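What follows is a single structure, written as structure tokens, with notes after it.
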Ligand SMILES: [Zn+2]
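Dropping the structure here:
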């Protein structure tokens with residue numbers, strides 16, 4: 010009897026990340042999502058997704074209620090480093106880092122694929138073997154569906170080399186940053202670099218806020 014914890018989507022441009030927990034006997038699976046905003050703006054630089062991962066892993070384990078003798082296997086990915094440190098305080102030696110394969114990996118991947126399909130994106134069948142091709146396939150889809158950029162991990166520093174992501178990371182000629190309105194999700198420009206915690210409003214939503222006050 011083992012519970013295995015794995016993630017999917019952390020290296021993918023689209024959507025946030027899925028974390029799943031799988032018990033082999035009797036079979037059970039549950040998962041939750043780390044919102045894409047943790048991979049955008051300064052929130053990504055602050056690595057808040059690590060804290061969020063710890064929180065979600067704890068929740069998933071609470072749902073599965075580990076038995077006293079049950080081992081808990083956690084994926085080796087660095088994203089779980091902080092979570093594992095926390096878990097060891099409760100579960101001690103029962104926590105093991107593993108390379109996750111088989112059923113748990115398959116189920117977490119399916120959960121992630123469902124989420125990106127819900128956005129209207131159809132993943133490449135060979136996405137696992139062809140990481141670079143997969144990245145450009147997602148990027149091309151974003152070019153065709155510019156309103157979906159709010160579901161992209163725009164906080165990745167390496168995206169600054171692509172024109173479509175640049176405005177989310179760097180000032181334009183007018184000294185402004187591009188951001189997505191917290192209320193309506195529309196693109197707008199703001200004079201400060203969004204830190205991911207303070208809300209950002211477009212002109213229309215800001216006017217509405219002011220009128221309400
Ligand atoms: Zn707005």
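Numbering (the numbering used here), first residue to last: 10 to 222.
We treat Cβ as the ideally placed atom computed from N, Cα and C, and that holds for glycine.
What you are looking at is a predicted structure, and each value in this text was computed from that prediction instead of being measured.
inquiry  = Once the 5 residues before and after residue 214 are set aside, which same chain residues still bring their CB inside 6 Å of it?
reply    = One-based indexing of the chain shown puts residue 214 at position 205. Correct list, in chain order: 190, 192, 193.
query = Would residue 28 pass as a contact of residue 69 if the rule is Cβ separation under 9 Å?
reply = Your numbering for residue 28 matches position 19 in the chain shown. Your numbering for residue 69 matches position 60 in the chain shown. A Cβ-Cβ contact shorter than 9 Å links residue 28 with residue 69.
query = For residue 24, which of 150, 209, 187 has the nearest alpha-carbon?
reply = Translated into positions along the chain shown, residue 24 becomes position 15. Of 150, 209, 187, the residue nearest in Cα terms is 150.
Completely contained alpha helix (DSSP H) runs for the stretch 38 to 83, where each covers 4 or more residues = 50 to 54, 57 to 73
ask   = From residue 115 to residue 18, what distance separates their C-alpha atoms?
value = Against the chain shown, residue 115 aligns to sequence position 106. Against the chain shown, residue 18 aligns to sequence position 9. Approximately 13 Å, taken between the alpha carbons.
request  = Consider the C-beta atom of residue 195 and the heavy atoms of ligand 1; say whether any pair is separated by less than 8 Å.
outcome  = Numbered from 1 along the chain shown, position 186 holds the residue referred to as residue 195. Answer for residue 195: yes, Cβ within range of ligand 1.
message = What I want to know is whether the C-beta of residue 220 ends up closer than 8 Å to one or more non-hydrogen atoms of ligand 1.
response = Working through the chain shown from its first residue, we reach residue 220 at position 211. It does not: the Cβ of residue 220 is nowhere closer than 8 Å to a heavy atom of ligand 1.
request  = For residue 173, name the three-state secondary structure that DSSP assigns.
outcome  = As a first step, residue 173 must be located in the chain shown, where it is residue number 164. Coil.
task = With DSSP as the reference, label residue 209 as helix, strand or coil.
result = Mapped onto the chain shown, residue 209 falls at position 200. In the structure shown, residue 209 sits in coil (DSSP, three-state: anything other than H, G, I, E or B).
inquiry  = What would DSSP say about residue 214, mapped onto helix, strand or coil?
reply    = Within the chain shown, residue 214 is the residue found at index 205, counting from 1. In this structure, residue 214 counts as helix in the three-state DSSP scheme.
request  = Could you tell me whether any non-hydrogen atom of ligand 1 is closer than 8 Å to the CB of residue 213?
outcome  = In the chain shown, the residue the question calls residue 213 occupies position 204. Checking the Cβ of residue 213 against ligand 1 gives yes.
ask   = Using 8 Å as the Cβ pair cut-off and three pairs as the minimum, do the stretch 129 to 136 and the stretch 98 to 109 touch?
value = no
CB contact flag (residue 48, residue 58, <9 Å) = On the chain shown, position 39 is the one that residue 48 refers to. On the chain shown, position 49 is the one that residue 58 refers to. Their beta carbons are under 9 Å apart, which means residue 48 touches residue 58 by this criterion.
task = With DSSP as the reference, label residue 145 as helix, strand or coil.
result = Residue mapping note: residue 145 aligns to position 136 of the chain shown, counting from 1. Here residue 145 sits in helix by DSSP.
ask   = Per DSSP, residue 106 forms a beta bridge with which residues?
value = Stepping through the chain shown from its first residue, residue 106 is reached at position 97. In the DSSP output, where bridge partners are listed per residue, residue 106 has 83.
request  = Within the same chain, show all residues whose beta-carbon is closer than 7 Å to that of residue 11, passing over the 5 residues directly before and after it, in chain order.
outcome  = Your numbering for residue 11 matches position 2 in the chain shown. Cβ within range, chain order: 33, 79, 80, 82.
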